[in-house]
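A.B. asks: I have a structure I would like to understand better, so I am pasting it below and will then ask my questions one at a time.
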Amino acid sequence: MKGGHAKTLILTEKPSVGRDFAKALGIRVKGEGYLESDRYVVTWALGHLVELQEPDAYDPRWKTWRMETLPILPDRFAYRPISKTRKQLGVVSRLLARKDLGDVVIATDAGREGEVIGRTILLYAGSPAADRLRRFWTSQALTPAVVRAGLENLSPAADYDRLWRAGQARQIADWLVGMNLSRAATLRMKDLFSVGRVQTAVLALLVDRRRERDHFKPEPYWLLKVRFTNGKGQWWGNWFREAETRFQKEAAARAAAAAVTGKTGRVQSASRKKKRQPPPLLFSLTDLQQEANRRHGFSAQKTLAIAQTLYEKRKCLSYPRTDARVLGAQSVGMVKGLLRDLSPVYPEIFAGVKASLASPDNRRVFNDARLTDHHALIPLAKIPKGCGPEEEKIYDLALRRFAAAFHPDCEYEATEIVTVVEDETFRTRGRVVLKPGWQAVYETEAPAKEEDDAAFLPPLEQGDPAAVAETRVDRKMTQPPPEYSEALLLKDMTDPGRYVNEDALKKVYRGDVGLGTQATRAQIIETLLKRKYVARRRRRLIAIERGCRLIDTLRGLASARALTSPEETAQWERQLEEIALGSGDPDAFLSKIRSFVANAVGEFKTGAGGVPAERPQTDRLGRCPVCGGDVIEGKKGYGCADWRRSPLGKGCRFVIWKVHAGMALPEAAVVRLLEAGETDILSGFKSKTGKTFSARLRLVQQANGIPTVVFDIPRGK
DNA sequence: GCAAGGTC
């Protein structure tokens, strides 16, 4: 049926792209799950339509979870439909079987996973001969011109075979690790524990952060500030000596303060430099999720869901699951149109836009080299009426970021003054905004300042006198690394390079690679929560006992421990990249993965490595909020182990009684109380009148400084 | 009961 007259079948990754093709090709006729004209049939996937078979499809012995039948290493892999999208898979299959169709164009997203989506569907549903298979490939916004040009420039699908092999290797490697090590860990630890390349590495970040904080001992240090005056005005300077800005001993700070009190020094140097700060790059999804978490406390999941609605239903945002922060050079015209349409609707936000910045010369915005599967997330229309306040918030973030990109740089003057008195030196930094440029878009917020009072410096010159008018010694404490907010975790997932030592591997993460992808990061976080590895406490994510236990167990095993470091993912990514480029061999990669999995499973079977697999900290339920010691189970309560060491009243007296209002607290609630300071809402309490009630338990500090358990009864109960 | 990757 090959020939000039047969219709061409186009398969896209998702319906919205199918519609873009239909629009460009003037297709009007609608079928069920596809669109058709006299020359084209356009149909779509809904992401993956097929997935790897379950273990027991390869061997029935793998149905039940048993240590004896591990490792699971099938010789060949097969695909099965994903049940939720079975119907669309049927549509695509029937179209592929039609006899009046000629070439088939794979027009899934331009990336490794898009390739896998297209190829696995064809593999399952029946692919035409290789000479009829073609690939449509662009990362530009799918305007009609881009679609038509792309269709004029199709490649043989075989040009992308290596990419497909790399994608399939990724898929199989993740499956092998997940199926084998989740089962091995679960059987060994006698409770459901999932293990995977991404989730385990991310969990390890959270566990390590928690440990760092648990073991952190705050140390005091002292700062010396001095207020100077002269005829021109006054200014504050912070003591420094070379790289040192802190005193380790209070006496030293006091001595320096005494040495300068009542003295007059001089301005040793005064430098003023004009600097420019370009507008921030456009949003990738992770950037948007971070900003929404910072500003509004939205979870990554929630931001994704809202952005999806704005894209899919409200049609005012571009495709959200993107990791690009730029647009393609072919989008200049589209942007000009958007600026024209949006400016009158949002005049205050677009007032400072310079139309000349919507030009291909603006490489910060229009940069084909930095496009990935998609372009950056931008507004496509004004937000329709009837959207909720949360949708408006997300839209507003994207709108402002877009408007900012077409503003001039922010220009400011950075001032640094060094004042010297009696051999002691003091630094004053100031920053004065000269032209706000893009910052005008955000001017409703507090202005950025680096130091207090620093914006209003007198016009000091070198050699000016400086009389010491006041000295201040402040005692401060060193701070542990911060707890993970979702914003911070997303940042570390996007750029895990700083957790990797080897330079060659750091480079992998300097590309667009991270832990997980834009489309899955929110899901990974939710998985960690669902498995109770991690708890949400206000806006923070904290590794809890189950999560710590899993990481400890893995770290006790010589091979398996690789999964607890982001290095392993970087290693895999590097090898997958080599496969895609043609220098790597997928079979060699997968046999390495198979032996890794076999070794790791073997370690779980024998417990090699010496770390006890079940509850490494057998009796420790948590950390004592008073002294940081271990809280262990006693007869009537869970108390600080320190008390046992010195039962005569000298040791720490912290305790959580087992029974509260007629109910014995579950151990998990005690663990939660110690970790988070509060439990979920628990039911089964009984009041003195015999009424049952539900309540949250909370640890509240008493007058003697020792926390005790109080009830927090939800309203209306 | 298990992964990670898409999209709804």
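Residue numbers (the numbering used here): -19 to 697. Beta carbons: idealized from backbone N, C-alpha and C, even for Gly.
1) From which residue to which residue does the beta strand (DSSP E) around C528 run?
2) Quick check: what's the CA-CA separation for V577 versus T405?
3) Can you tell me whether I52 is helix, strand or coil according to DSSP?
4) Specify whether the region 239 to 259 and the region 464 to 471 touch according to this definition: at least 3 beta carbon pairs, one from each stretch, less than 8 angstroms apart.
5) Taking Cβ positions, are L379 and P364 nearer each other than 8 angstroms?
6) Flag this pair as touching only if the region 543 to 555 and the region 489 to 499 have three or more C-beta atom pairs under 8 angstroms; answer yes or no.
7) Would you mind working out which of H195, K10, K415 and L377 sits nearest N273, comparing C-alpha positions?
8) So, for A90: in the same chain, excluding its five sequence neighbours on each side, which residues have a beta-carbon less than 7 angstroms away from its beta-carbon?
9) Could you check the C-alpha separation between K254 and L556 for me, to the nearest Å?
10) Following the continuous alpha helix (DSSP H) through K487, name the residue where it begins and the one where it ends.
11) With a CB to CB cut of under 7 angstroms and the five nearest residues on each side skipped, what residues in its chain are close to E430?
12) Shortest alpha-carbon distance to L508 belongs to which of G211, R177, V157 and G443?
13) Compare the Cα-Cα distances from E370 to each of S251, A184, V175 and I286 and report the closest residue.
14) Could you give the DSSP three-state label for G217: helix, strand or coil?
15) Select from G(-2), D0, S17 and G13 the residue whose C-alpha is nearest the C-alpha of I7.
16) Using the Cα positions of A105 and K373, report the straight-line distance between them to the nearest angstrom.
17) Starting from the C-beta of V333, find all residues in its chain whose C-beta is less than 8 angstroms away, skip the five residues before and the five after it, and write them out in chain order.
18) What are the start and end residues of the alpha helix (DSSP H) that includes W552?
19) Check for me: the beta strand (DSSP E) holding Y59 runs from which residue to which?
20) Buried or exposed: E655, going by 16 or more other Cβ atoms within 10 Å of its Cβ?
21) Give a yes or no on whether the C-beta atoms belonging to V182 and L495 are separated by under 8 angstroms.
22) From the DSSP output, in three-state form, read off P340 for me.
23) To which residues does DSSP link R407 through a beta bridge?
24) According to DSSP, simplified to helix, strand and coil, what is L307?
25) Leaving out five residues before and five after Y14 in sequence, what residues of the same chain have Cβ atoms less than 7 angstroms from its Cβ?
26) Opposite S667 in the DSSP bridges: which residues?
27) Is the separation between the beta-carbon of K3 and that of P124 shorter than 8 angstroms?
28) Can the beta-carbon of I531 be found less than 8 angstroms from the beta-carbon of T544?
29) Between T598 and the rest of its own chain, which residues show a CB-CB distance below 6 angstroms, the 5 nearest in sequence each way excluded?
30) Note the first and the last residue of the continuous alpha helix (DSSP H) segment covering M159.
31) Determine the burial state of A184: buried for a count of at least 16 other Cβ atoms within 10 Å of its Cβ, exposed for fewer.
32) Please check the pair K(-13) and G82, which I expect to be a contact at CB under 8 angstroms, by giving their CB distance rounded to whole angstroms.
33) With burial defined as no fewer than 16 other Cβ atoms inside 10 Å of the residue's Cβ, what is the status of P35: buried or exposed?
34) Could you check which residue in V325, G308, D321 and A361 has the C-alpha nearest to that of D341?
35) For M169, which option in T533, V514 and L485 has the closest C-alpha, if you only look at C-alpha atoms?
36) For S251, which of helix, strand or coil comes out of DSSP?
C.D. replies: From the atom records:
1) Looking at the DSSP string, C528 is not in any beta strand (DSSP E); the run it does join, the alpha helix (DSSP H), is E525 to R535.
2) 59 angstroms
3) coil
4) no
5) no
6) yes
7) L377
8) Hits under 7 angstroms: W117, T118, S119 and D353.
9) 45 angstroms
10) D483 to R490
11) Note that E430 has pLDDT 43, beneath the 50 cutoff, so the model's placement of it is unreliable and no number is given.
12) R177
13) When S251, A184, V175 and I286 are compared, the shortest CA-CA separation from E370 is found for I286.
14) strand
15) Out of G(-2), D0, S17 and G13, S17 has the C-alpha closest to the C-alpha of I7.
16) 43 angstroms
17) The answer, listed in chain order, is L319, S323, A383, F386 and H387.
18) P546 to L561
19) Y59 to P61
20) With 16 or more Cβ atoms within 10 Å of its Cβ, E655 is classed as buried.
21) yes
22) coil
23) When DSSP reads this structure, R407 sits in a beta bridge with N218 and V398.
24) strand
25) V21, V22, T23, V71 and L75
26) Looking at the DSSP assignment, S667 forms no beta bridge with any residue, so it has no partner.
27) Closer than 8 angstroms, so yes.
28) yes
29) Low confidence applies to T598: its pLDDT is 41, below 50, so where it sits in the model is not reliable, and the reading given next is rough at best. So the list is empty, once near-sequence residues are dropped.
30) D141 to M169
31) buried
32) 7 angstroms
33) buried
34) When C-alpha distances from D341 are compared across V325, G308, D321 and A361, the shortest belongs to G308.
35) T533
36) Strand, per DSSP.
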